[in-house]
Amino acid sequence: MAEGSLYDRGLAAIAIKQAQGDLIEAAFLLRAYRATLPRFAHSLPVETATMRIARRISATFKDLPGGQVLGPTYDYTHRLLDFALTEPSVPPPAPEAEAETKISPMPRVQDILDREGLIEPDAKPPQDAPPPGDLTSEPLSFPAGRDVRLQALARGDEGFLLAMGYSTQRGYGGSHPFAGEIRMGEVSVEIVPPELGFAIDIGDLTLTECQMVNQFKGSKAVPPQFTRGYGLVFGHAERKAMAMALADRAMRAAELGEDATAPAQNIEFMLYHSDNIEATGFVEHLKLPHYVDFQSELESVRRMRAEHDAAMQATREAAE
Amino acid sequence: MDGYNFAYLDEQTKRMIRRAILKAVAIPGHQVPFGSREMPLPYGWGTGGIQVTASILGAGDTLKVIDQGADDTTNAVSIRRFFARTAGVRTTTRTTEASVIQTRHRVPETRLREDQIIVYQVPQPEPLSRLEPSRVETRNMHALADYGLMHVKLYEDIARYGQVSISYDYPVMVNDRYLMAPSPIPAFDNPKLDRMPALQLFGAGREKRIYAVPPYTSVRSLDFTDHPFRATRAPHSCALCGATDSYLDEVVMDDRGRRMFVCSDTDHCTSRREVGHAGPESLPEAAE
Numbered sequence: 003m004a005e006g007s008l009y010d011r012g013l014a015a016i017a018i019k020q021a022q023g024d025l026i027e028a029a030f031l032l033r034a035y036r037a038t039l040p041r042f043a044h045s046l047p048v049e050t051a052t053m054r055i056a057r058r059i060s061a062t063f064k065d066l067p068g069g070q071v072l073g074p075t076y077d078y079t080h081r082l083l084d085f086a087l088t089e090p091s092v093p094p095p096a097p098e099a100e101a102e103t104k105i106s107p108m109p110r111v112q113d114i115l116d117r118e119g120l121i122e123p124d125a126k127p128p129q130d131a132p133p134p135g136d137l138t139s140e141p142l143s144f145p146a147g148r149d150v151r152l153q154a155l156a157r158g159d160e161g162f163l164l165a166m167g168y169s170t171q172r173g174y175g176g177s178h179p180f181a182g183e184i185r186m187g188e189v190s191v192e193i194v195p196p197e198l199g200f201a202i203d204i205g206d207l208t209l210t211e212c213q214m215v216n217q218f219k220g221s222k223a224v225p226p227q228f229t230r231g232y233g234l235v236f237g238h239a240e241r242k243a244m245a246m247a248l249a250d251r252a253m254r255a256a257e258l259g260e261d262a263t264a265p266a267q268n269i270e271f272m273l274y275h276s277d278n279i280e281a282t283g284f285v286e287h288l289k290l291p292h293y294v295d296f297q298s299e300l301e302s303v304r305r306m307r308a309e310h311d312a313a314m315q316a317t318r319e320a321a322e
Numbered sequence: 106m107d108g109y110n111f112a113y114l115d116e117q118t119k120r121m122i123r124r125a126i127l128k129a130v131a132i133p134g135h136q137v138p139f140g141s142r143e144m145p146l147p148y149g150w151g152t153g154g155i156q157v158t159a160s161i162l163g164a165g166d167t168l169k170v171i172d173q174g175a176d177d178t179t180n181a182v183s184i185r186r187f188f189a190r191t192a193g194v195r196t197t198t199r200t201t202e203a204s205v206i207q208t209r210h211r212v213p214e215t216r217l218r219e220d221q222i223i224v225y226q227v228p229q230p231e232p233l234s235r236l237e238p239s240r241v242e243t244r245n246m247h248a249l250a251d252y253g254l255m256h257v258k259l260y261e262d263i264a265r266y267g268q269v270s271i272s273y274d275y276p277v278m279v280n281d282r283y284l285m286a287p288s289p290i291p292a293f294d295n296p297k298l299d300r301m302p303a304l305q306l307f308g309a310g311r312e313k314r315i316y317a318v319p320p321y322t323s324v325r326s327l328d329f330t331d332h333p334f335r336a337t338r339a340p341h342s343c344a345l346c347g348a349t350d351s352y353l354d355e356v357v358m359d360d361r362g363r364r365m366f367v368c369s370d371t372d373h374c375t376s377r378r379e380v381g382h383a384g385p386e387s388l389p390e391a392a393e
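Protein sequences appear in the order of chains A and B. The numbering of the first sequence is this note's numbering, which starts it at 3 and goes up by one. The numbering of the second sequence is this note's numbering, which starts it at 106 and goes up by one.
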């Protein structure tokens, strides 16, 4: 759903089935389908602070309002192959939550740091800011704002982001991150139809959000403070949200006055190569016939070799 | 086709693409960014050309699709079927009968007319991409008409190999202003682009660019006075139709080095054989 840019579990399931488990192929099916859909409305920004939490962990504070909520995860499982799975089986029924579960508020960790001024304030667009860019209808152009960058990363290939995020950890554009918070759960999507003039709830999305707290920075004018890297992905996709937050922070290097020398800090490189639908198409197009181009190369190499041989021959004769 | 608009794309998208095309025609050789859509075919397989064709196609058009010069190559067949299915237009393999020709990697041998449009599929619209990977940089170079980098590349080729080593996608100067990638056609085809009576449109879907060469526009292959551009082909005649001036494909006959050379433009070859031309490998009845 993330790479496919379409939040629809049913369609995603069909796509994965049709693609026989090939996830890039499945994402491609969803992309091609979504390109034919009309756009009814723009939603209000979803509010992840009021997310109905299924999982929420912080690596920076031992305890915090709302607590650490482990939730569904592969973390701490021992990676031992389960041979019992060779037999067809029905998964055990999921445990049901108690109806009266008291939901305590779960403020975002970054907001807690923000109150103390320890982290740069959340980027708020100015009142007269243009609407956020949309790569699905407008081509990428540079300089690319953070809105467009985050959209590209959210649609980007998980493997690419993982590798690029990893590269920043190994020193290619390091930004010393802490996983301030990772939260996964459901948020409401609201739209304001013009004929009503007030917001109505049209459904829920499962999202994974990652806020990285990164190395601090300061100057004479601004006291030292931590900086932010942000990841937000459709569905339960922690690995991608974390990698996205690393990549986002790396791509802010120039904006924060750091040297942008590593691949992950090169915005143009990152944005042009993160889309796996584009990448797979162009890599795999090499399977298409190229007889004509290859023929022209063949003729060219033969001609150059003939001239080279003739020149060698002439040199030999001159020497004799 | 039920459930889809004529020629697949919705009218809003077509309008957006037509605007890009008009701008491209107004500034020959200039790459116009456009909101390329995901198509039901992969990027790199002709999505730019398909979107351009879908936007200009009318119910009365006759479409020809070639790949490597041939109507019967896999991707050409696939794209022709796509439009036959989504637009229901008449299709043809005859260059002279087509009103719109979508092509990958070749320009037909038959000279095109004013009432025809040729749509090129373009993998890499930026002619400077192999010399400068950043599009921010190359955009500036185009704005300043600063093409020194390409001239240096040609010069270095001549110094190293005695000739320019580019044999396809050979850079051209359009209307004496913009450096343009003619798409990966063999350099042999470059002279056909110059002052062509037909409108030439170029679509790059993955890179999200459209550009154009209006009819009768000057298209000059980059060269030097003392090293003029040379259009080369395999020095043989077509084994089937005997043509000595067409671009040839090399067909490997066995593992002992036996080769056969045949026209890459299948319609050109067929038409010649129909009027009695023959080559050494033609079937006896065709040769008679």
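Glycine included, each C-beta is placed from N, C-alpha and C at the ideal position.
- Inclusion of S276 of chain A and L163 of chain A in the CB contact set at 8 Å is warranted, their separation being smaller than that value.
- Per the C-alpha coordinates, the member of B:P340, B:S288, B:Q173, B:C343 positioned closest to A317 of chain B is B:S288.
- For the C-beta of T282 of chain A, the chain B residues within less than 9 Å are, from N- to C-terminus, P147, Y148, G149.
- In the structure shown, C368 of chain B adopts extended strand secondary structure according to DSSP, grouped into three states.
- Of the candidates B:R265, B:E116, B:F293, B:P232, the residue whose Cα lies closest to the Cα of F296 of chain A is B:F293.
- Counting C-beta pairs closer than 8 Å gives fewer than three between the stretch 119 to 133 of chain A and the stretch 200 to 212 of chain A, which falls short of the contact rule.
- In this chain, the beta strand (DSSP E) harbouring L168 of chain B covers 167 to 172.
- The beta carbon of E299 of chain A sits closer than 8 Å to some beta carbon of chain B.
- Between L66 of chain A and chain B, the shortest Cβ-Cβ separation is not below 8 Å.
- Using a C-beta cut-off of 8 Å, the stretch 257 to 274 of chain B makes no contact with the stretch 261 to 268 of chain A, since fewer than three inter-stretch Cβ pairs fall below that distance.
- Setting aside the 5 residues that flank it on each side, T198 of chain B is surrounded in the same chain by K169, D176, D372, each with a C-beta closer than 7 Å to its C-beta; the list follows chain order.
- Sequence-distant Cβ neighbours of P291 of chain B in its own chain, meaning closer than 7 Å and more than five residues away, are S272, Y273, Y352.
- Between the beta-carbon of I184 of chain B and that of T208 of chain B there is about 10 Å, and that puts the pair past the 8 Å contact cut.
- CA-CA distance, R254 of chain A to H178 of chain A, rounds to 14 Å.
- Between the C-alpha atoms of E118 of chain A and G175 of chain A there is a straight-line separation of about 28 Å.
- Of the residues assessed, S106 of chain A falls on the exposed side of the cut-off, its CB having fewer than 16 other CB atoms within 10 angstroms.
- Counted as a single uninterrupted DSSP element, the alpha helix (DSSP H) harbouring S183 of chain B occupies residues 179 to 191.
- Per DSSP, the beta-bridge partners of H332 of chain B are B:F329.
- Just measuring C-alpha positions, the residue of B:G310, B:P302, B:S239, B:A336 sitting nearest E143 of chain B is B:G310.
- Spanning the alpha carbons of M301 of chain B and G134 of chain B requires a straight line of approximately 14 Å.
- Less than 8 Å divides the Cβ of R57 of chain A from the Cβ of G73 of chain A.
- Here the C-alpha atom of P109 of chain A lies approximately 6 Å from the C-alpha atom of A51 of chain A.
- Looking at the DSSP output, C212 of chain A shares a beta bridge with A:I184, A:G233.
- With respect to chain B, the C-beta atom of D159 of chain A has no partner C-beta closer than 8 Å.
- Contact annotation: E219 of chain B and P319 of chain B have beta-carbon atoms that are not nearer than 8 Å.
- Taking 8 Å as the threshold, the shortest C-beta distance from A339 of chain B to chain A falls below it.
- Chain-ordered listing is empty here: chain A has no CB closer than 7 Å to the CB of H135 of chain B, the nearest sitting near 14 Å.
- Per the coordinates, the alpha-carbon of Y293 of chain A lies some 28 Å from the alpha-carbon of I26 of chain A.
- For A61 of chain A, none of the residues of chain B pass the 7 Å Cβ criterion, the least Cβ distance being about 36 Å.
- For a Cβ distance threshold of 8 Å, residue set P291 of chain A lies close to T178 of chain B, ordered along the chain.
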